[in-house]
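Quick note: the sequence shown, position 354, residue 411 per this note's numbering, numbers continuous. All C-beta atoms, glycine included, are put in the ideal place defined by N, C-alpha and C. One structure is given here, and the rest of the page talks about it.
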Amino acid sequence: MSYRKILLCVDNSVHSGYATAHAAAIARTTGATVVVSHVYAARLHDRRFADLEPGLPEEYQDPARLEQSRRTHDSLIGRGLRMISESYLAAARGRLDGLPVEGRNLEGKNYVELVRESADAYDLAVIGSRGLGLASLNGQGPPEAIGSVCERFLRRAQTDVFVARDARPIAGTILAGVDGSPESYAALRRALKLAKALDARVEAVSCFDPHFHPVAFQSIAAVLSEKDAQVFRFKEQENLHDRVINHGLENLYAGYLENARVVAKGRGQEVETRLLRGRPAYEIVRRAREVESTLVVVARHGLHRTDGLDIGGTAESLVRLAPCSVLVVNERPEETALAWTAEAEARLDRVPEFMRPMVKKAIESHARARGLTEITPDVVTDAKTGHGVPMPGHRP
């Protein structure tokens with residue numbers, strides 16, 4: 058999908074300027090219309106003025122004088138805030154010269170109105186990672202902090218959301234996070250499309266954590282009695298995770314990267330790949346610093362999506378911690394069920410039961426990346442021998 062309508066959220070802050078520059082670059086390559094939007098809060102000022110009335114000087118407490126003050130305040134604030142909002146839109150329009158641009162002045166609670174506006178057939182929303190609120194701290198706040206409007210909007214918007222953290226053009230290195238989920242490959246395709254349009258390179262990164270289980274077993278060992286350890290078969294479980302599961306995870310995630318190469322090749326493009334080890338968000342941030350990435354592209358939800366969740370943990374952490382702008386892709390591809398032949402299903406019988414769902418999902422991911430609609434024994438073998446899908450006990 059190509060972006061056709063972009064919501065640009067502005068407040069005349071430095072990061073709002075970054076957002077404007079990125080929206081302009083994307084719109085110029087996609088032909089999208091940019092709708093510049095600013096929210097002002099006249100009614101909030103009315104309420105606050107009413108709250109302050111008891112503290113006004115005595116000469117203003119006369120009911121007639123008080124009513125006059127209210128009318129004057131309401132008129133000046135309402136007109137004044139709208140004039141300021143119009144000025145913000147005009148400044149942004151000036152930086153979008155030559156593009157199809159519309160303006161929206163919205164009155165109300167900032168993030169609420171932006172979320173409501175974003176539901177009106179937008180494909181992409183672009184917003185600065187922080188606004189005037191954090192700017193007022195004069196650099197004294199945490200450098201990685203994101204503003205409350207950005208965070209609240211990100212959680213609720215149903216479009217793709219581009220969080221602008223700096224002014225660097227995208228024409229550099231784009232990191233695309235891949236975890237084997239259909240959503241992550243949708244994010245990869247978005248990264249490839251942007252890279253082609255903006256003359257950037259894409260590096261697909263996938264990350265597994267070999268350090269978690271040793272730490273977990275140390276924690277368990279500290280509280281497990283000798284008797285319970287025997288029932289749990291503690292040592293055997295520990296050895297299984299060290300020798301089989303961690304090795305299997307490495308092969309599994311390497312296979313996800315191979316799928317990424319297949320996806321790119323199908324689009325006539327190339328993608329570099331990098332397998333990372335550790336906590337996904339932190340390692341992707343580390344990699345972004347190493348390659349001086351200009352953009353990180355990640356799916357809103359990944360492999361461990363659950364109903365009711367507004368954003369996945371990795372996506373949220375990347376928006377908070379990445380040293381560059383982040384594009385959060387909100388696309389959930391429609392998946393048709395893949396048919397499994399009886400012989401292919403039988404090949405899964407020798408996989409340990411607790412690993413079977415993960416292995417089955419990996420094989421289906423392998424098949425979908427190659428445009429296959431049926432899982433046969435040959436597909437299972439190719440997934441195992443060619444692309445590292447872990448199948449302990451399996452022999453092709």
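Counting C-beta neighbours from all protein chains within 10 Å, is the total for residue i 16 or more, i.e. buried, or is it exposed?
i, result
"LYS417", "buried"
"ALA176", "exposed"
"LEU194", "exposed"
"PRO239", "buried"
"LYS322", "exposed"
"GLU159", "exposed"
"SER70", "buried"
"HIS268", "exposed"
"GLU170", "buried"
"PRO453", "Summary for PRO453: the model assigns pLDDT 40, below 50, so the residue's position carries little reliability; its value from the coordinates is reported in the next sentence. So PRO453 ends up on the exposed side."
"GLY88", "exposed"
"THR442", "exposed"
"SER142", "buried"
"HIS72", "buried"
"THR363", "exposed"
"HIS361", "exposed"
"GLY450", "Confidence at GLY450 is low in this model, with a pLDDT of 45, below 50, so the placement of that residue should be treated as unreliable; the coordinate-derived value is given next. Looking at its Cβ environment, which holds fewer than 16 other Cβ atoms inside 10 Å, GLY450 is exposed."
"ALA440", "buried"
"GLU431", "exposed"
"ALA147", "exposed"
"THR393", "exposed"
"ALA403", "exposed"
"ALA178", "exposed"
"SER241", "buried"
"SER59", "exposed"
Going by DSSP, which residues form a beta bridge with residue i?
i, result
"HIS95", "ASN162"
"PHE219", "VAL183, LEU384"
"GLU431", "ALA396"
"THR90", "LYS62"
With respect to the beta strand (DSSP E) encompassing residue i, which residues constitute its N-terminal and C-terminal limits?
i, result
"ALA233", "230 to 234"
"GLU329", "329 to 334"
"LEU65", "62 to 66"
Just to confirm the assignment, what range does the alpha helix (DSSP H) spanning residue i have?
i, result
"GLU260", "Unbroken run through GLU260 is the beta strand (DSSP E), 258 to 265; no alpha helix (DSSP H)."
"ALA426", "413 to 426"
"ALA76", "71 to 87"
"ILE341", "337 to 347"
"ALA356", "Per DSSP, ALA356 belongs to no alpha helix (DSSP H); it is in the beta strand (DSSP E), 352 to 356."
"GLU170", "167 to 175"
"ALA372", "370 to 378"
"GLU240", "239 to 255"
"ASP189", "Contrary to the premise, residue 189 reads as Leu rather than Asp in this sequence. Counting along the chain, the alpha helix (DSSP H) containing LEU189 begins and ends at 189 to 192."
"ARG407", "No alpha helix (DSSP H) contains ARG407, which DSSP labels as neither H nor E."
"ARG212", "205 to 213"
How many whole angstroms separate the CB atoms of residue i and residue j, which I take to be in contact at a CB cut-off of 8 angstroms?
i, j, result
"ALA243", "VAL386", "6 angstroms"
"GLY64", "ALA182", "The sequence given here places Leu at residue 64; Gly does not occur at that position. With a Cβ gap of about 4 angstroms, LEU64 and ALA182 count as contacting."
"LYS166", "ALA98", "7 angstroms"
"SER94", "LEU163", "6 angstroms"
"VAL235", "ALA311", "Contact flag wrong, Cβ pair sits at about 11 angstroms."
"GLU421", "LEU395", "5 angstroms"
"LEU255", "ALA228", "5 angstroms"
"LYS62", "THR90", "5 angstroms"
"ILE184", "CYS66", "4 angstroms"
"ALA419", "GLY237", "6 angstroms"
Query raised in the report: Are the region 224 to 242 and the region 396 to 406 touching, with three or more C-beta to C-beta distances below 8 angstroms?
Result: Segment contact: the region 224 to 242 against the region 396 to 406, fewer than three CB-CB distances shorter than 8 angstroms; contact not assigned.
Query raised in the report: Pairing CB atoms from the region 256 to 264 with CB atoms from the region 333 to 340, are three or more of them under 8 angstroms?
Result: Yes: at least three Cβ pairs fall under 8 angstroms.
**Report entry** Stretch pair the region 320 to 339 + the region 207 to 222: three plus CB contacts closer than 8 angstroms
**Finding:** No, the region 320 to 339 does not touch the region 207 to 222.
Report task. May I ask you to verify whether the region 150 to 159 touches the region 75 to 85, counting CB pairs closer than 8 angstroms and requiring at least 3? Result -> Taking 8 angstroms as the limit for Cβ pairs, the verdict is that the region 75 to 85 does touch the region 150 to 159.
Report task. Specify whether the region 370 to 384 and the region 343 to 357 touch according to this definition: at least 3 beta carbon pairs, one from each stretch, less than 8 angstroms apart. Result -> Counting Cβ pairs under 8 angstroms, three or more are found: they touch.
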